[in-house]
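Numbered as in the UniProt record's numbering, the first sequence ends at 352 without a single skipped number. Ideal placement from N, C-alpha and C gives every residue a C-beta, glycine not left out. The structure under discussion appears below in the form of structure tokens.
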Amino acid sequence: MRDEGPSRALLDWYDAHARAMPWRTGPAARKAGIRPDPYAVWLSEVMLQQTTVAAVRDYFHRFTARWPGVGALAAANDGDVMAEWAGLGYYARARNLLKCARVVVAEHGGRFPETRAALLNLPGIGPYTASAIAAIAFGEQATVVDGNVERVMARLFAVETPLPAAKPELTALAEGLTPPDRPGCHAQAVMDLGATICTPKSPACGICPLRAPCRARALGTQADLPRKLPKKPKPTRHGIAYLGRRADGAWLLERRPDKGLLGGMLGWPGAEWGDAAQEAPPLAANWRDPGAEVRHTFTHFHLRLALRVADLPMDAAPARGRFIPAQEFRPSGLPTVMRKAFDLGQPALVPA
DNA sequence: TAAGCGTGGAA
DNA sequence: TTTCCAAGCTT
């Protein structure tokens with residue numbers, strides 16, 4: 001049974017307060033019957049997975065400027081796409097983005113499937129993204145459930161079950177609110193509400209369009225919802241990164257394997273990170289310690305990365321990796337932890 | 001199914 | 001400084 005009240009209040013609020021975003025079509029275009037570009041919706045939704053709007057904005061502009069459509073992206077060089085994604089994190093998204101673009105071109109004639117069910121079969125598109133594309137780009141009455149929606153539902157209906165066990169219950173509640181008209185706007189309205197008013201800490205209940213029907217607000221439990229199971233502590237791992245620069249300015253880097261941490265990205269040679277740092281120079285050289293250490297935190301562990309730098313001869317023949325010519329090397333094309341290593345180690349190589 | 005997978009901003 | 005956490009997906 002669908003509840004008109006909260007849905008209507010939410011859409012009214014959205015129409016009055018929706019923030020402009022590069023991947024959104026404005027209200028004028030919507031009224032003219034112009035639908036958002038599925039490519040732009042897909043690209044933005046993948047970038048937005050576990051990532052803030054502020055972090056995505058510039059990446060979205062660079063990607064669409066360089067690859068304006070799914071065909072262009074499908075034809076792109078893998079390394080170029082990974083370098084353009086560098087710094088945004090969760091690099092499996094970039095690998096799956098390319099896979100998905102190539103499947104859309106090879107198996108769907110370069111057009112995205114228009115149903116949630118079909119979208120779910122594409123690489124990198126899960127329940128959330130499939131619903132988002134189906135609702136926003138194609139008008140399907142699909143229910144979008146992300147962290148914002150979970151939080152809004154948990155508070156609106158005062159759900160005490162902790163996440164992630166509460167997910168099915170919260171999904172069902174969200175389905176009950178999804179309207180047949182403008183399901184895409186509704187989805188974005190709930191997410192905008194969660195991002196700006198129904199925030200994780202100190203929600204702005206006083207200006208919330210759903211303050212009247214909100215059960216948690218009435219009970220005073222809004223700040224405690226949704227409940228979550230405690231998280232595991234992060235261990236600390238250690239490693240060493242070797243920054244080797246040849247006499248002509250080329251840098252010794254290696255492409256990491258597609259699976260695992262920073263998969264498919266360029267990085268500095270070094271042993272696998274573990275309980276203790278292991279020496280593993282890619283070739284014999286006068287490796288020096290610049291006396292600085294990279295500290296970086298990943299999703300599930302802290303990393304302390306020692307550095308070694310060396311000037312390498314033109315005939316250097318490393319066992320691993322390859323030299324990237326100075327003209328092609330861009331620190332911005334490295335994942336952040338590797339760029340930090342460059343920022344700290346590179347000054348030690350510049351002649352005084 | 002629970003774990004693996006990035007980063008940067010906010011408090 | 002540390003912790004939390006953001007428009008999740010894959011295996």
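- Here G345 is actually not in contact with L312; their C-beta atoms are around 14 Å apart, not less than 8 Å.
- Looking from the CA of V56, the closest CA among K31, P38, A74 and G89 belongs to G89.
- Around the CB of E107, fewer than 16 other CB atoms lie within 10 Å, so the residue is classed as exposed.
- Counting along the chain, W251 sits inside the beta strand (DSSP E) bounded by residues W251 to R255.
- Counting C-beta atoms within 10 angstroms of its own C-beta, T129 has 16 or more neighbours from the protein chains shown and is therefore classed as buried.
- In the structure shown, L48 falls within a coil segment according to DSSP collapsed to helix, strand and coil.
- Assignment of H238 by DSSP, reduced to helix, strand and coil, places it in the strand class.
- The alpha carbon of A92 has as its nearest neighbour, out of K31, G264 and P331, the alpha carbon of G264.
- In the DSSP assignment, L312 is bridged to R246.
- Rounded to the nearest whole angstrom, the C-alpha separation of A54 and V350 is 34 Å.
- In summary, M314 is exposed, with fewer than 16 beta-carbon neighbours lying within 10 Å of its beta-carbon over all protein chains present.
- Nearest C-alpha to G147 among V190, I240, A94 and I34: V190.
- With a 10 Å radius around the Cβ and a threshold of 16 neighbouring Cβ atoms, T52 comes out exposed.
- The beta-carbon separation of G79 and L97, rounded to 14 Å, does not stay under the 8 Å limit for a contact.
- Taking 9 Å as the cut-off, the beta carbon of T171 is found no closer than this to the beta carbon of V152.
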